[in-house]
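Chains as they are written, first to last, in our numbering: chain A, 30 to 362; chain B, 492 to 939.
Beneath this line is the structure, given in structure tokens, with notes to follow.
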Amino acid sequence: MAKKLTVSASPHVRSSETTTGIMLDVVISLIPAAVMSVVYFGTRALALLSVTIGSSVLAEYISRKVMKRPNTISDLSAVVTGLILALNLPSTLPLWMAAIGSIIAIVVVKQMFGGIGQNFVNPAITARIILMVSFPAAMAKWTAPFEDGWAADAVTCATPMAQLATVNGGDVSAVSGLPSLTQMLIGYHGGSMGEVCSIALIAGGLYLILRRVISPVIPLTFIGTVAVCTLAAGHGNFEFMAYEILGGGLLLGAFFMATDYTTSPINFKGKIIFGIGCGLITSLIRIFGSLPEGVSFSIILMNIFVPHIEHLTTAKPFGQVKEKKEKKEAAKV
Amino acid sequence: MSKIVNGVLTAVGKGRGGVNVAHNKNTAQLPVERMPVPAKVVLPMQQHIGAPCTPTVKVGDIVSAGQVIGDTDKFVAAPVHATISGKVTAVGDVKLANGMICKGVTIESDGQMREYEGIKPPVVTNKAELCAAVRASGLVGLGGAGFPTHVKLNFPEDKNVDTLIINAAECEPYITVDYRCCVENPRDILDGVYGIQKVLKFKQVIIAIEDNKPEAFKILKEIADKDNDMGDEVKLMTLKSKYPQGAEKMMVLSATGRKVPPGKLPADVGCVVMNIASVAFVGRYLRTGKPLISRSITVDGSAINNPKNLRVPIGTNIQDIIDYCGGFKSEPRKIIFGGPMMGVAICDTNAPICKQNNAVLAFEDRKDIIKKERDCIRCGRCVDVCPMSLMPTNIERFAKTKNIEALIHSGIMVCMECGSCSYSCPSGRPLVQYMRLAKQILREESAK
């Protein structure tokens with residue numbers, strides 16, 4: 030035998046799934062939302078998408094190089110971060126601000142903590158929040174769909190979330206100029222580039238669930254909790270609940286950001302707690318807080334709790350009896 | 492009899508975890524072929540879990556097939572028999588396929604395959620006699636682990652063992668010898684069930700087959716239906732094909748709903764699990780008295796010219812077996828002893844087949860054999876698929892940092908190294924290796 034035999038630990042077959050494949054699936058699932066953002070917000074959206082994705086990949090490449098660690102841009106995770114970040118931004122944001130967001134996400138949040146799988150908070154969300162507090166005016170300048178985002182005097186409009194925050198008790202009819210629920214579904218209203226078109230987001234989310242890239246647990250518990258809370262806050266007004274679910278970053282957050290592997294619990298019970306926690310915090314901010322929107326903050330707050338949630342919900346190894354039960358049984362004997 | 496039909500239970504959803512591995516049962520339709528007697532066999536003295544045997548023959552002795560050539564007075568062990576007739580040419584250290592060195596006896600064939608004259612059917616009327624007979628037959632679990640069968644059957648009376656589970660799941664890809672056993676020797680299987688049941692009187696006997704082997708199920712059911720002596724307590728059961736359905740603890744859970752606690756044996760929850768080939772062997776042995784001198788193996792894989800199911804004398808050189816199967820189609824890059832999920836990759840084909848080996852697989856260079864290792868992305872697939880409800884990714888971290896306290900808490904000792912975690916990891920991490928390392932760290936710690 031000329032070549033030597035490979036000797037390695039079992040198993041000797043591996044599934045065909047790869048990190049790159051998973052990230053590619055996430056990119057594919059976000060394509061509908063990205064396309065719709067270009068449809069609604071034009072070339073400006075395309076420019077923002079290119080800038081965030083490009084600067085994310087570049088930031089990843091350079092930071093790995095500087096840290097003398099293996100290059101990881103081929104796993105496509107930087108593309109996903111850039112893409113999600115772009116979808117979270119208003120279409121009017123200056124491009125250099127978007128680039129700063131990408132650099133914060135990749136360098137500060139991800140690579141400084143050790144790269145993929147090591148960051149304790151979601152890079153895109155953290156970048157968004159940092160941009161929000163750094164450039165509050167620019168980050169709240171929403172235009173209506175089909176407005177020319179390049180023009181300095183583009184007509185701004187309020188997001189449905191901001192409009193709804195002005196009324197108490199879910200009185201939807203009291204809000205003037207609120208888009209219809211159909212408009213909410215197809216995305217014909219103001220808001221972040223990627224969050225407006227609910228149908229595209231739901232399609233992408235379903236794709237991820239069917240491809241088994243994400244488990245449906247977090248999206249379901251997250252959205253479900255928001256539904257229950259807003260229904261209660263709206264005194265049983267289903268219309269209000271529907272606006273709350275379709276509006277703001279809820280769908281984008283629940284399907285694509287709260288399910289981020291690195292920053293969500295890996296066990297089933299932990300996922301339930303995480304989803305409910307995100308839903309509760311989002312609802313509290315939306316209903317009682319002064320901000321119209323709370324998805325980003327809820328996810329980042331729950332990200333921080335993940336190690337504790339996991340620690341408390343770790344499943345007992347096969348066949349191991351719970352300590353309490355053991356004590357009970359011992360007491361019986 | 493109708494109860495057997497009623498006994499067709501499904502275990503869907505009972506188990507947890509596991510992976511869907513491509514079955515690749517390419518050799519399922521190939522009848523077991525008897526390989527011609529090899530020119531020589533090498534019989535290691537350790538072909539089981541437990542104490543090694545001591546050779547009872549010396550160089551120059553003339554032995555016949557079925558004669559004891561190695562034994563020990565230790566309980567957890569099984570004697571080794573000559574598997575061909577001929578002359579003992581060497582007694583000394585031999586290298587096993589996995590690189591382990593142990594004592595062994597080399598026999599050169601005289602080509603006659605004379606049977607030992609002392610072979611006669613054993614008389615079995617009680618448990619002690621059954622266990623003694625099974626021990627004398629040299630039987631060890633033929634499914635892969637190689638645990639001496641008589642030790643399993645000799646469960647203490649106070650354990651209330653009420654269930655015999657006959658494992659025909661054969662969940663490892665490629666291997667088809669258990670399936671062939673069901674199809675070709677259903678009589679032996681039933682004889683084995685009777686023989687054991689007559690003495691040990693279990694409340695129920697469950698024959699469990701994965702649902703990807705409907706023909707085997709039909710054949711077993713037909714013969715069981717025809718036979719009216721068959722007690723009502725014998726049930727046939729189909730299990731969902733999902734790796735590792737055939738693992739002992741999974742089997743007990745699927746068949747009875749009982750969970751074997753960590754560090755305990757199936758007997759502690761009232762079960763004895765036997766591989767179907769072992770049961771068939773017991774049936775044949777009780778009828779003929781012929782000890783374990785040959786076994787069926789699957790020879791398959793992308794690098795093998797003519798994949799086959801073979802019956803080979805134990806101790807046959809692997810290279811002889813591969814040559815008999817037409818040699819290598821192309822240069823093999825990996826040769827595995829056993830299935831691709833839990834088998835051992837070997838470095839040299841010049842090694843003997845042992846009692847517990849059920850397959851020799853040879854593969855060409857393939858991408859899925861070695862996957863590029865990347866950083867963990869915490870996707871949680873390893874956690875989802877772990878049949879023992881462990882968190883492999885966390886255990887990997889604890890093992891790397893030697894975090895003893897966390898390792899103890901993690902329950903790593905229940906890991907059976909089924910390979911589901913490594914298999915499903917998209918980042919190609921060698922998780923099973925870390926699981927082994929973690930166990931070793933704990934063993935060393937407790938030895939301190």
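Cβ coordinates follow ideal geometry from the N, Cα and C atoms, glycine included.
All values derive from a computational prediction rather than experimental measurement.
Residues of the same chain with a CB within less than 6 Å of the CB of A:MET168, apart from the 5 flanking positions on each side, are LEU160 and MET161 in chain order.
Approximately 6 Å separates the beta-carbon atoms of B:GLY737 and B:ASN658; this is inside 8 Å, confirming the contact. Bounds of the beta strand (DSSP E) holding B:ARG802 are 799-804. Looking only at B:PHE854, B:VAL876, B:GLU908 and B:TYR925, the smallest Cα-Cα distance to B:ARG888 is reached by B:TYR925. DSSP places B:VAL596 in the uninterrupted beta strand (DSSP E) bounded by 592-600.
At least 9 Å separates the CB of B:PRO798 from every CB of chain A.
For B:ARG934, not one C-beta of chain A is nearer than 9 Å to its own C-beta. The Cβ atoms of A:ASN148 and A:THR292 lie closer than 9 Å to each other.
For B:SER880, the chain A residues whose Cβ falls inside 8 Å of its Cβ are ALA344, LYS345, PRO346 and PHE347, in order along the chain.
The stretch 342-351 of chain A makes no contact with the stretch 203-221 of chain A, as fewer than three CB pairs between them are under 8 Å.
A residue is called buried once 16 or more other Cβ atoms fall within 10 Å of its Cβ, and A:LEU320, having fewer, is exposed.
The C-beta of B:ILE805 has 16 or more other C-beta atoms within 10 Å across all chains shown, which makes the residue buried. For B:LEU644, the enclosing alpha helix (DSSP H) starts and ends at 640-644. Counting only Cβ-Cβ distances below 7 Å, B:ASP866 has contacts in chain A at GLY144, ILE145 and GLY146, in chain order.
Inside the stretch 644-698 of chain B, DSSP marks whole beta strand (DSSP E) runs of 3 or more residues at positions 654-659, from first to last along the chain.
Between the C-alpha atoms of B:MET526 and B:ARG802 there is a straight-line separation of about 6 Å.
Each residue's CA atom was taken as its position, placing B:ASN797 and B:CYS816 some 5 Å apart. One alpha carbon belongs to B:CYS544, the other to B:ALA568, and they sit about 7 Å apart. Sixteen is the threshold: when 16 or more other Cβ atoms of the shown chains lie within 10 Å of the Cβ of B:PRO546, as they do, the residue is buried.
Using a CB distance cut-off of 9 Å, A:VAL201 does not count as an interface residue toward chain B. Residue pairing by DSSP places B:VAL851 opposite B:VAL790 and B:PHE828 in a beta bridge. Counted as a single uninterrupted DSSP element, the beta strand (DSSP E) harbouring B:GLU524 occupies residues 523-525. When rounded, the separation of the alpha-carbon atoms in A:SER325 and B:GLY910 is 38 Å.
Nearest to B:GLU908 by alpha-carbon distance, out of B:ASP866, B:PRO831 and B:ILE895, is B:PRO831. Neighbours of B:CYS838 across chain A, judged by C-beta separation under 8 Å: LYS33, LEU34 and VAL36. Distance from the CA atom of B:LEU922 to the CA atom of A:GLY299, rounded to whole angstroms, is 22 Å. Excluding five sequence positions before and after B:LEU633, the CB atoms of its chain that fall closer than 6 Å to its own CB belong to ASN766, ALA768 and SER769, given in chain order. Annotation: B:SER918 to A:THR48 spans about 6 Å, alpha carbon to alpha carbon. Close partners of B:MET833 in chain A (Cβ separation under 8 Å): SER39 and PRO40. Between A:ILE243 and A:THR311, the CB-CB gap reaches or exceeds 9 Å. The CB of B:VAL874 comes closer than 8 Å to the CB of ILE295 and ASN296 in chain A, given here in chain order. B:ALA850 and B:THR580 have their C-alpha atoms roughly 27 Å apart. Residues of the stretch 797-826 of chain B with a C-beta less than 8 Å from any C-beta of chain A: GLU822, PRO823, ARG824, LYS825 and ILE826, listed in chain order.
Not one beta carbon of chain A lies nearer than 9 Å to the beta carbon of B:GLN931.
In this structure, DSSP gives A:LYS298 a helical state, which the three-state scheme calls helix.
The beta carbon of B:PHE854 falls within 9 Å of a beta carbon belonging to chain A, placing the residue at that interface.
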